[in-house]
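S.K.: This is the structure, below, for whatever I ask next.
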Amino acid sequence: MNQNPAPNEPGLYTFHALADQAQDPNYDPAQVLHHLENNMAAMNHLQQQFGSLQAQLQEQQASQATHPQAPITSLHAAIEALANSHLEQQQMQQTFQAGVQSVLERLSQRASQSPRFPVPLPLSTKFKGKDEELTFDEFKSKLQTAFTRFPESLAADTEKIHYALQSMEGTPARYFAPYVNEDIPDDDGILSSYESFIKTLDDIYGDKHHVDEVNHKLTRLRQTGSMTEYIASFRALAARSRWNEPALLSRFKDGLSDDTKLVMTAQWHSLTTLKGAQAAATTAYQNLQAQQRLRSRNGFFKSPQHQSPRRPAPSPAAPT
13 MNQNPAPNEP GLYTFHALAD QAQDPNYDPA QVLHHLENNM AAMNHLQQQF GSLQAQLQEQ
73 QASQATHPQA PITSLHAAIE ALANSHLEQQ QMQQTFQAGV QSVLERLSQR ASQSPRFPVP
133 LPLSTKFKGK DEELTFDEFK SKLQTAFTRF PESLAADTEK IHYALQSMEG TPARYFAPYV
193 NEDIPDDDGI LSSYESFIKT LDDIYGDKHH VDEVNHKLTR LRQTGSMTEY IASFRALAAR
253 SRWNEPALLS RFKDGLSDDT KLVMTAQWHS LTTLKGAQAA ATTAYQNLQA QQRLRSRNGF
313 FKSPQHQSPR RPAPSPAAPT
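Each residue of the sequence shown is one higher than the last, beginning at 13 in this note's numbering.
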């Protein structure tokens with residue numbers, strides 16, 4: 013009997029191996045039951061062999077009754093073999109039943125336990141406290157995305173904190189190392205409350221340390237390319253600024269290109285929300301793009317090389 017064949021390899025398992033598989037969440041319970049059925053089939057085969065041995069003994073007993081003078085050595089040997097086989101079969105049957113019961117009990121315990129949920133891998137781009145690699149805002153958004161995608165695995169505050177720590181390198185990781193290694197008492201609950209943990213990070217790497225830089229970039233931002241790029245850049249800076257809605261609305265409208273402003277002239281003063289202004293600006297930009305494509309097509313068909321050649325004007329009649 014095989015001790016530990018591969019999980020999908022056909023063969024027989026010891027009940028000890030099957031019991032271990034029944035507790036291992038990496039094994040499919042259906043596969044464990046399949047292996048158990050194989051063992052039961054093997055036991056049935058042994059019982060059939062035992063039945064065949066009984067039939068042979070009955071034949072020898074009948075032969076002895078018909079021929080009393082025949083040597084009985086083979087009969088005695090068969091009886092002794094049958095007795096030994098019967099005892100062995102009883103012991104095997106008891107062991108088999110105990111093994112089956114153990115496997116089924118462990119499968120039942122596993123089914124009643126809480127399921128194991130997949131745990132996400134740490135962020136591939138680690139947060140190092142340097143904006144050029146991964147800004148603090150980007151780091152927080154990636155963490156929140158992981159929490160949303162894996163709500164069961166990252167439900168508790170400690171699980172969220174452990175995931176965040178695994179996604180750090182350099183200075184941020186060194187800052188928390190004394191708390192993790194218990195060299196410093198965690199009196200403020202930094203490693204037990206995610207709110208305290210992220211606030212500690214915000215105090216060190218939060219955008220309030222870059223307010224002047226953000227304000228400067230926001231003031232100088234202009235629409236020089238597509239509207240999508242302008243709105244994305246504006247939103248990123250606006251999220252890091254401390255400006256209120258009216259100030260952001262005025263700055264957004266002021267940064268639009270002259271062509272976009274011209275298209276929006278009729279509704280310019282009616283746009284009183286940033287969301288509405290961004291939607292109107294997007295529509296205006298799309299209209300400008302459509303007009304440019306139309307002019308390009310019209311210019312192509314009206315260019316000199318594509319016009320039909322003109323017939324020469326008739327020569328004036330000669331004087332008579």
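Glycine included, every Cβ here is placed at the ideal spot set by N, Cα and C.
(1) Tell me whether the beta-carbon of I216 lies closer than 8 Å to the beta-carbon of S208.
(2) Name, in chain order, the residues that DSSP records as bridge partners for M180.
(3) Are the CB atoms of F139 and S179 within a distance shorter than 8 Å?
(4) What do you reckon, are the CB atoms on Q290 and F264 nearer than 8 Å?
(5) Our contact map puts L286 next to E257 with C-beta atoms below 8 Å; I'd like the distance itself, whole angstroms only.
(6) Nearest by alpha-carbon distance to A251: which of N227, Q70, A53 is it?
(7) Output yes if chain D places a C-beta closer than 8 Å to the C-beta of L166; else output no.
(8) Give me the Cα-Cα distance between S269 and A248, rounded to the nearest whole angstrom.
(9) Here's the rule: buried if 16 or more other CB atoms are within 10 angstroms of the residue's CB, otherwise exposed. What is H8?
(10) Using only the alpha-carbon positions, how far apart do L135 and G237 sit?
(11) Of all the alpha helix (DSSP H) runs that stay within the bounds of the region 212-300, which reach a length of 4 or more residues?
(12) Let me know if S253 comes out buried or exposed under the rule of 16 or more other beta-carbons within 10 Å of its beta-carbon.
(13) When you compare each of G63, A259, N51, S204 to A168 by their alpha carbons, which one comes out closest?
(14) Using 8 Å for Cβ pairs, my map puts G267 next to R234. What's the rounded Cβ distance?
(15) So, T170 versus G141, is the Cβ gap smaller than 8 Å?
(16) Alpha carbon to alpha carbon, how far is D224 from Q304? Give it in angstroms, no decimals.
(17) Can you tell me which of the three DSSP states I196 falls into?
(18) By the 10 Å Cβ neighbour count, where 16 or more other Cβ atoms means buried, how is R118 classified, buried or exposed?
M.R.: So, from the listed chains and residues:
(1) Result no, Cβ atoms of I216 and S208 do not sit closer than 8 Å.
(2) In DSSP, M180 forms a bridge with F139.
(3) Yes, they are a contact pair.
(4) It is a contact, given that the beta carbons lie within the stated cut-off.
(5) Contact annotation, L286 with E257: C-beta distance approximately 6 Å; criterion of less than 8 Å satisfied.
(6) Taking A251 as reference, the option from N227, Q70, A53 with the minimal CA-CA separation is N227.
(7) In the displayed structure, chain D is absent; only one protein chain is listed.
(8) Taken atom to atom, the span from the alpha-carbon of S269 to that of A248 is near 19 Å.
(9) An answer regarding residue 8 cannot be provided, because it is not within the stretch 13 to 332 covered by the chain.
(10) Their backbone Cα atoms lie some 32 Å apart in a straight line.
(11) As summarised for the region 212-300, the continuous alpha helix (DSSP H) elements at least 4 residues long and confined to that stretch are 223-232, 239-252, 257-266, 270-275, given in chain order.
(12) Counting Cβ neighbours within 10 Å, S253 comes out buried, since at least 16 surround it.
(13) In terms of CA proximity to A168, S204 leads the group G63, A259, N51, S204.
(14) The Cβ separation is near 5 Å, so the contact holds.
(15) Not closer than 8 Å, so no.
(16) Straight-line Cα distance between these residues: approximately 39 Å.
(17) DSSP places I196 in coil when its eight states are reduced to three.
(18) In the assembly as shown, R118 is a buried residue. Its beta-carbon has 16 or more other beta-carbons within 10 Å.
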